[in-house]
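Under the numbering used here, read the first sequence as residues 2 to 669, first letter to last. Glycine residues also receive a C-beta, built at the ideal position from the N, C-alpha and C atoms. Data block below; observations after.
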Amino acid sequence: MIWMIVENVIDEISRSLEEVLAFYNLTKSEVNFDISEPHVKDFGDFSTNICFLLAKKLRMSPSEIADHIVNTILPTSSALMNKNGLIDLVSFVNPGFINFRINNKVFVVEFFKEVSNNPKFKTDDKNLSNSNELILIEHTSVNPNKALHVGHLRNAIVGDCLYRILRTAGKDVRVINYIDDSGVQVADIIVGFKHAGFSTSIVDQELSKEKTKFDHYCGNEIYVKTNALYKSRPDLEIKRKTILKELENPESETSLFTRTIVDRVLKDQLKTCWNLRCRYDLLCFESQIVQSNLWTDIFSILRDKEIIYFENVGKNAGCWVYKSGKEGDKVLVRSDLTLTYFAKDIPFAVWKLGYLRNPFDYIFYATQWDASNLYRTNITKNLYETFGGSSGVEKESMIDFSRISKVITIIDSRQERLQNLMVEILGKLRMDSKYKYLGYEPVILSQSSLDSLGISGEDKNSLHMSGRKGIYIEADMALSILEERSKVETRNRNPELSEEEISYISREISISAIRYFFIKFDLGKMITFDINESLSLEGDTASYIQYAYARGKRVEDKNIEAGFLEKQNKLENNIEILNFSSSEIDLIKHLCKYDIELKQAANNIDPKVLSKYLFQLATLFNNFYEKSPILKEKNEMLATHRALILNSTLEKLELCMNIIGITPLTRM
RNA sequence: GGGUUCAUAGUUCAGCAUGGAUAGAAUGACUGCCUGCGGAGCAGCUGGUCGAGGGUUCAAAUCCCUCUGGACCCGCCA
Numbered sequence: 002m003i004w005m006i007v008e009n010v011i012d013e014i015s016r017s018l019e020e021v022l023a024f025y026n027l028t029k030s031e032v033n034f035d036i037s038e039p040h041v042k043d044f045g046d047f048s049t050n051i052c053f054l055l056a057k058k059l060r061m062s063p064s065e066i067a068d069h070i071v072n073t074i075l076p077t078s079s080a081l082m083n084k085n086g087l088i089d090l091v092s093f094v095n096p097g098f099i100n101f102r103i104n105n106k107v108f109v110v111e112f113f114k115e116v117s118n119n120p121k122f123k124t125d126d127k128n129l130s131n132s133n134e135l136i137l138i139e140h141t142s143v144n145p146n147k148a149l150h151v152g153h154l155r156n157a158i159v160g161d162c163l164y165r166i167l168r169t170a171g172k173d174v175r176v177i178n179y180i181d182d183s184g185v186q187v188a189d190i191i192v193g194f195k196h197a198g199f200s201t202s203i204v205d206q207e208l209s210k211e212k213t214k215f216d217h218y219c220g221n222e223i224y225v226k227t228n229a230l231y232k233s234r235p236d237l238e239i240k241r242k243t244i245l246k247e248l249e250n251p252e253s254e255t256s257l258f259t260r261t262i263v264d265r266v267l268k269d270q271l272k273t274c275w276n277l278r279c280r281y282d283l284l285c286f287e288s289q290i291v292q293s294n295l296w297t298d299i300f301s302i303l304r305d306k307e308i309i310y311f312e313n314v315g316k317n318a319g320c321w322v323y324k325s326g327k328e329g330d331k332v333l334v335r336s337d338l339t340l341t342y343f344a345k346d347i348p349f350a351v352w353k354l355g356y357l358r359n360p361f362d363y364i365f366y367a368t369q370w371d372a373s374n375l376y377r378t379n380i381t382k383n384l385y386e387t388f389g390g391s392s393g394v395e396k397e398s399m400i401d402f403s404r405i406s407k408v409i410t411i412i413d414s415r416q417e418r419l420q421n422l423m424v425e426i427l428g429k430l431r432m433d434s435k436y437k438y439l440g441y442e443p444v445i446l447s448q449s450s451l452d453s454l455g456i457s458g459e460d461k462n463s464l465h466m467s468g469r470k471g472i473y474i475e476a477d478m479a480l481s482i483l484e485e486r487s488k489v490e491t492r493n494r495n496p497e498l499s500e501e502e503i504s505y506i507s508r509e510i511s512i513s514a515i516r517y518f519f520i521k522f523d524l525g526k527m528i529t530f531d532i533n534e535s536l537s538l539e540g541d542t543a544s545y546i547q548y549a550y551a552r553g554k555r556v557e558d559k560n561i562e563a564g565f566l567e568k569q570n571k572l573e574n575n576i577e578i579l580n581f582s583s584s585e586i587d588l589i590k591h592l593c594k595y596d597i598e599l600k601q602a603a604n605n606i607d608p609k610v611l612s613k614y615l616f617q618l619a620t621l622f623n624n625f626y627e628k629s630p631i632l633k634e635k636n637e638m639l640a641t642h643r644a645l646i647l648n649s650t651l652e653k654l655e656l657c658m659n660i661i662g663i664t665p666l667t668r669m
């Protein structure tokens with residue numbers, strides 16, 4: 002990408018320090034020094050710990066060494082000398098840090114040179130990974146028997162941001178949504194429809210007149226209520242068993258009915274995901290994994306390699322088990338020959354890694370909000386007509402298994418134990434290096450949210466959500482609450498706008514706010530969702546970022562009217578005479594760190610890195626906005642350069658906002 | 001009982017991977033700033049024994065150990 006100034010500076014410092022090491026007859030492999038940014042601005046732009054590391058080897062005090070390096074060695078450093086003075090000041094500070102300060106005047110000149118060479122800041126891919134590696138991400142994967150609740154949103158949004166980050170970092174990525182359409186949870190609602198007296202007529206008619214989505218209906222009315230019935234109706238549990246058995250035959254009447262229901266729920270779930278600007282490439286259905294017989298293949302491999310064993314004695318007698326030293330024994334095949342939940346996951350994981358044959362075709366399923374096509378797996382073309390269309394896609398262009406470099410699964414941390422087992426097993430097949438799972442802690446509900454839902458809190462001040470018990474806040478509901486709230490705000494601020502415009506703006510504000518909220522926390526931390534506090538529009542929120550963008554955009558429009566853009570072409574070379582303030586310099590420096598931050602987010606698989614960068618960018622911009630006026634500035638040359646900074650900032654803001662999924666609005 | 005993980009300002013959280021200087025935001029409270037480039041903002045002020053104790057180190061919020069407290073996992077459920 003462009004704007005390598007900061008990376009060049011770091012590189013320069015690094016090379017000069019290697020010269021220092023050479024002076025002492027040492028190399029980087031012996032003294033692995035670090036170049037970092039000091040927390041305190043007074044200490045400069047970069048600092049190194051090299052003196053502390055040398056102290057031991059040279060048996061001198063760090064400050065002595067620092068003194069010597071700064072006053073004797075560095076002045077002769079060719080790396081520092083031959084560059085056009087980007088590094089201005091090198092000093093040492095007790096107890097032994099060497100600090101480097103960027104020469105702001107030179108830096109600013111370099112910056113404007115790059116900006117005017119590349120006025121549109123188009124992403125230049127040549128510096129990105131140009132290998133043809135392919136990354137698979139699996140996320141969302143909600144059971145198709147209910148609507149998404151806010152806990153599921155964490156999965157979907159983190160996964161989608163990760164997709165966007167990796168895409169922006171130049172990787173080829175495919176997104177998979179796994180649909181468990183043959184498990185107990187789906188069987189529950191089939192029991193509800195068929196045997197618990199809930200009306201099936203609703204299946205045939207549209208719910209739209211009552212404004213109820215089908216996924217909400219299945220979750221709230223059928224799933225929760227059916228589960229509550231099991232206690233008093235033991236016959237229903239027997240029915241459920243029968244249904245599960247019938248689902249094994251894909252041509253049974255139960256299977257047909259289930260496919261209809263699953264499809265209706267799934268379509269509504271996808272609507273929620275698409276509303277939040279998530280997108281997918283492929284839907285994988287568990288029922289098809291089962292039919293593919295991939296299990297048979299992987300089972301015989303595991304058995305032949307003696308990774309799993311048939312147990313003759315003990316509590317697991319009659320079962321095929323995997324014996325983990327760490328995690329204990331895990332049953333894969335029950336004594337009645339059925340597979341456990343964990344076992345069913347193995348063929349899917351192995352398939353994703355391209356270890357086995359690929360039994361699937363891909364069939365068009367839907368066009369998504371971003372105009373991309375969503376496909377679904379298929380084995381026999383005529384079998385799944387209820388799922389929709391029939392136009393296929395080339396197998397290789399969907400997933401070329403030979404190019405896969407990483408398979409990332411985003412899962413609730415409660416599944417981590419099983420994922421550890423999976424990695425162990427994959428390790429024995431020598432394919433664990435590509436398999437990564439990203440665990441996140443669940444979203445729980447605050448007491449006040451529970452109160453407003455009318456749920457008794459059981460003496461706790463927060464509670465885990467449960468789809469089965471009906472303890473949750475639906476994603477659609479959270480979105481519409483926030484949308485109403487921002488609508489009021491938007492209308493107050495923009496009384497002249499039409500209802501249509503207000504609706505559009507408040508919708509984008511609410512989507513952005515929710516997306517930002519779910520990625521700004523560390524994945525290892527539980528999120529307590531509070532219906533009021535979590536959906537704020539001030540402070541560290543997407544709205545703050547959008548507001549900064551909107552203000553900036555407004556100024557830019559006026560700049561264009563005032564003709565600043567034409568003047569940019571006539572920039573003089575004597576920028577040196579301009580005095581840029583810290584609000585300008587700090588902003589420019591931050592702009593130049595974009596590449597470093599994006600790489601970090603991509604390498605660490607951590608979307609939060611980018612959200613922090615973006616928030617900081619918006620903060621620095623707001624500061625610039627207050628302190629560095631453009632239209633009011635008398636010095637025309639300064640104003641023109643400020644307009645350029647504004648221009649660059651808007652570009653970077655837009656870029657980062659799009660990665661996180663915050664809509665850049667020109668009015669709000 | 002075994003294991004994983006978390007504990008940082010009144011509150012919600014960054015920082016910990018790869019140890020480094022005066023521990024950062026946001027929010028709340030309080031105080032300023034709109035005939036202006038849009039106040040969903042800016043500036044200021046208040047607020048911390050980084051859960052406790054020990055260890056390693058020139059240096060620990062960060063690494064190691066113990067303890068306390070919370071969450072989660074440990075089924076021929078999914």
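Roughly how many angstroms lie between the CA atoms of residue i and residue j, to the nearest whole one?
i: GLU307; j: VAL332; result: 15 Å
i: SER463; j: ASP523; result: 19 Å
i: THR667; j: ALA551; result: 5 Å
i: LYS600; j: ALA344; result: 36 Å
i: GLU8; j: VAL334; result: 54 Å
i: TYR436; j: ASN50; result: 36 Å
i: ALA350; j: MET5; result: 39 Å
i: CYS285; j: ARG377; result: 6 Å
i: ALA372; j: HIS140; result: 20 Å
i: ASP46; j: ILE88; result: 10 Å
i: SER582; j: VAL109; result: 11 Å
i: ARG304; j: LEU439; result: 29 Å
i: LEU75; j: MET423; result: 52 Å
i: MET669; j: ARG494; result: 8 Å
i: PRO665; j: ARG516; result: 13 Å
i: ASN659; j: LEU454; result: 34 Å
i: PHE625; j: LEU588; result: 7 Å
i: GLY198; j: LEU419; result: 37 Å
i: LYS324; j: ILE426; result: 10 Å
Let me know if residue i comes out buried or exposed under the rule of 16 or more other beta-carbons within 10 Å of its beta-carbon.
i: HIS642; result: buried
i: ILE239; result: exposed
i: PHE388; result: Per-residue confidence for PHE388 stands at a pLDDT of 47, beneath the threshold of 50, marking its modelled position as unreliable; the derived number appears in the next sentence. PHE388 is buried by the Cβ-count criterion.
i: THR124; result: Residue placement at THR124 cannot be trusted, given a pLDDT of 49 that sits under 50; what the coordinates show is reported in the next sentence. THR124 comes out exposed.
i: THR73; result: exposed
i: HIS40; result: exposed
i: ARG265; result: buried
i: ASP161; result: buried
i: GLY97; result: buried
i: GLU485; result: exposed
i: ARG165; result: buried
i: ASN712; result: No statement about residue 712 is possible, as the shown extent of the chain runs from 2 to 669 and does not include it.
Identify which residue in the options has its Cα closest to the Cα of residue i.
i: ILE586; options: ILE411, ASP189, ASN104, PRO39; result: ASN104
i: ASN156; options: LEU22, ASN580, PRO443; result: PRO443
i: LYS635; options: LYS613, LEU579, LYS594; result: LEU579
i: ILE661; options: TYR626, ALA602, PHE625, SER649; result: ALA602
i: ALA619; options: ILE663, PRO608, GLU637; result: ILE663
i: GLN92; options: ILE70, LEU81, GLU111; result: Rather than Gln, the amino acid found at residue 92 in this sequence is Ser. Nearest option by C-alpha distance: ILE70.
i: SER336; options: PHE519, GLY326, LYS324, LYS316; result: LYS316
i: LEU446; options: GLY468, ASP433, GLY428; result: GLY468
i: TYR218; options: VAL176, ARG241, VAL263, LYS114; result: VAL263
Can you tell me which residues form a DSSP beta bridge with residue i?
i: VAL332; result: VAL322
i: ASN374; result: THR368
i: LYS437; result: ILE409
i: PHE530; result: LEU446
i: GLU65; result: DSSP output for GLU65 lists no bridge partner at all.
Pairing CB atoms from the region 151–171 with CB atoms from the region 519–537, are three or more of them under 8 Å?
yes
Segment contact flag, the region 225–239 with the region 167–185, C-beta cutoff 8 Å, min 3 pairs
no
Would you be able to state if there are at least three C-beta pairs under 8 Å between the region 392–412 and the region 309–317?
no
Tell me whether the region 463–480 and the region 508–515 touch, counting them as touching only if at least three CB pairs, one residue from each stretch, are closer than 8 Å.
yes
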